[in-house]
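Data first, discussion second: the structure below is written as structure tokens.
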Ligand SMILES: [Zn+2]
Ligand SMILES: [Zn+2]
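Here is the structure:
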């Protein structure tokens, strides 16, 4: 047992050193909490670009090129970093992988290896302390605070990235990351505009710097906006949501509730009319022979998730309504005691073995006072279930809110008693409450057929 001791001793000096992220921020140490390289990359450079934009005129060709390059680099992140490398939702041939690693690098959001590692931790530990961009720490934090402020890497949840370490494109991009950033982020957009139509400075400022700024902010929205704005049609245990606005900003990554439920699906939007250009691109690459093995969850599985979530919402809604005291919680009355109480002026009506106090309802009874009064102190099962009037589903529901007791032995009349036993069994919802479906109230009894008895 010497190995574990040696291990602890070897780690001891390191364990004593507290990571800056684990100390409280104050006015003496705040600058140590800041990741200055990231501040330069995601705040400094964009700021410089905004200032430059004041005196660098924007040419139409450069503007069009900047938008095209925005889509190229944005897709490098969404189709490459995210759906290909972080989730393996499809396979790509070498030329496509090189292209995605290059344009993805041009978005200046870190190397594939670093990005995908954090993203896998985000999926595995969503909304917890181990989630590198937990939205629980605030919208601003999940948007860019997590990059601007230092994080203790040991606190981020562990994930397996052995597959990424085996991809030579990923490894090469990680080792040469800064070269990739300067070439693809700034040099290429400037060269195209400069060699193409002589707008070197415009290419640098608009297609380079400001385009980086927009791509960064757009993709950061997946971590902030997508967790705040929209619906949760598949699961509401965690924060991810679906919203068309987020999808518009993030090249289709806005159907985030779906994505967290089915992360290895190459789609984020499953309906044809939903905006998901990342999905369309992957599909187009497949037609060109560049992508293959596109992964999809069966529609049956997706619908199951949707139905279960709907059920959950229904259960919650149901729990807020008054369904009457459950039968097993009502006091048991003797038949004679029931008749006695009714004679003494209490407006009690027994239907299907359940006693209801209708005293306050007599004057409101839609069928008139006389009708309801004739049932007081009697077994009104038959009267209520068609003998006198075939009451509506709503009437059975209303009646259940007036329950005050159950009669020992159930109905007085033997034939109705038997029919009652054959009545439907109850289903319980997620919170253990009985589900009372329309027409399945305990007071609703199918009319017994006397001839069936004889046979
Ligand atoms: Zn997410
Ligand atoms: Zn993801």
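In full-length UniProt numbering, the protein residues as written are 1 to 455.
Quick reminder that beta carbons are idealized off the backbone N, C-alpha and C, glycines included.
Looking at ligand 2, does it come within less than 7 angstroms of residue i, judged from the CB to the closest heavy atom?
{"i": "residue 269", "result": "no"}
{"i": "residue 240", "result": "no"}
{"i": "residue 263", "result": "yes"}
{"i": "residue 273", "result": "no"}
{"i": "residue 82", "result": "yes"}
{"i": "residue 119", "result": "yes"}
Per DSSP, which one or two residues make a beta bridge with residue i?
{"i": "residue 333", "result": "407"}
{"i": "residue 92", "result": "291"}
{"i": "residue 318", "result": "According to DSSP, residue 318 bridges with nothing at all."}
{"i": "residue 354", "result": "351, 406"}
{"i": "residue 103", "result": "Beta-bridge pairing links residue 103 to no other residue."}
{"i": "residue 435", "result": "427"}
{"i": "residue 149", "result": "34"}
With DSSP as the reference, label residue i as helix, strand or coil.
{"i": "residue 257", "result": "helix"}
{"i": "residue 300", "result": "helix"}
{"i": "residue 118", "result": "helix"}
{"i": "residue 231", "result": "strand"}
{"i": "residue 390", "result": "strand"}
{"i": "residue 241", "result": "coil"}
{"i": "residue 379", "result": "strand"}
{"i": "residue 97", "result": "helix"}
{"i": "residue 5", "result": "With a pLDDT of only 44 at residue 5, under the threshold of 50, the placement of this residue in the model should not be trusted, and no figure is reported."}
{"i": "residue 268", "result": "coil"}
{"i": "residue 385", "result": "strand"}
{"i": "residue 24", "result": "coil"}
{"i": "residue 125", "result": "coil"}
{"i": "residue 308", "result": "helix"}
{"i": "residue 401", "result": "coil"}
{"i": "residue 275", "result": "coil"}
{"i": "residue 144", "result": "helix"}
{"i": "residue 341", "result": "helix"}
{"i": "residue 249", "result": "helix"}
{"i": "residue 137", "result": "helix"}
{"i": "residue 113", "result": "helix"}
{"i": "residue 236", "result": "coil"}
{"i": "residue 362", "result": "helix"}
{"i": "residue 445", "result": "coil"}
{"i": "residue 323", "result": "coil"}
{"i": "residue 130", "result": "coil"}
{"i": "residue 87", "result": "coil"}
{"i": "residue 396", "result": "helix"}
{"i": "residue 281", "result": "helix"}
Is the shortest distance between the beta-carbon of residue i and the beta-carbons of chain C less than 8 angstroms?
{"i": "residue 293", "result": "This model lacks chain C altogether; it includes just one protein chain."}
Does ligand 1 have a heavy atom nearer than 7 angstroms to the CB of residue i?
{"i": "residue 87", "result": "no"}
{"i": "residue 122", "result": "yes"}
{"i": "residue 256", "result": "yes"}
{"i": "residue 243", "result": "no"}
{"i": "residue 365", "result": "no"}
{"i": "residue 260", "result": "yes"}
Within a Cβ cutoff of 8 angstroms, which residues of the same chain sit near residue i, ignoring the five residues on either side of it in sequence?
{"i": "residue 332", "result": "405, 406, 407, 408"}
{"i": "residue 172", "result": "101"}
{"i": "residue 205", "result": "49, 52, 53, 56"}
{"i": "residue 343", "result": "377"}
{"i": "residue 75", "result": "100, 103, 251, 277, 278, 281"}
{"i": "residue 362", "result": "347, 369, 372, 373"}
{"i": "residue 177", "result": "105, 110, 111"}
{"i": "residue 249", "result": "218, 221, 225"}
{"i": "residue 9", "result": "Unreliable positioning characterises residue 9 in this predicted model, as indicated by a pLDDT of 46, which lies under 50. A coordinate reading is not provided."}
{"i": "residue 129", "result": "155"}
Leaving out five residues on either side along the sequence, give the residues of the same chain with a beta carbon under 7 angstroms from the beta carbon of residue i.
{"i": "residue 424", "result": "A caution first: residue 424 carries a pLDDT of 48, below 50, which makes its placement in the model unreliable, though a value can still be read off. The residues are 440."}
{"i": "residue 428", "result": "434, 435"}
{"i": "residue 468", "result": "Outside the shown range of the chain (1 to 455) lies residue 468, about which nothing can therefore be said."}
{"i": "residue 85", "result": "112, 116, 164, 170"}
{"i": "residue 89", "result": "83, 264, 265, 266, 295"}
{"i": "residue 62", "result": "193, 199, 202, 203, 206, 207"}
{"i": "residue 258", "result": "234, 242, 268, 270"}
Excluding sequence positions up to five away, which residues of its chain have a Cβ less than 6 angstroms from the Cβ of residue i?
{"i": "residue 351", "result": "380, 381, 384, 443"}
{"i": "residue 191", "result": "none"}
{"i": "residue 325", "result": "403"}
Inset, instruction - Could you name each continuous beta strand (DSSP E) segment of 3 residues or more that falls completely within the region 154 to 224, going from the start of the chain to the end? - result: Considered as a whole, the region 154 to 224 harbours no complete run of any beta strand (DSSP E) with no fewer than 3 residues.
Legend entry - Secondary structure, beta strand (DSSP E): runs of 3+ residues fully inside the region 32 to 85: Whole beta strand (DSSP E) segments, 3+ residues: zero.
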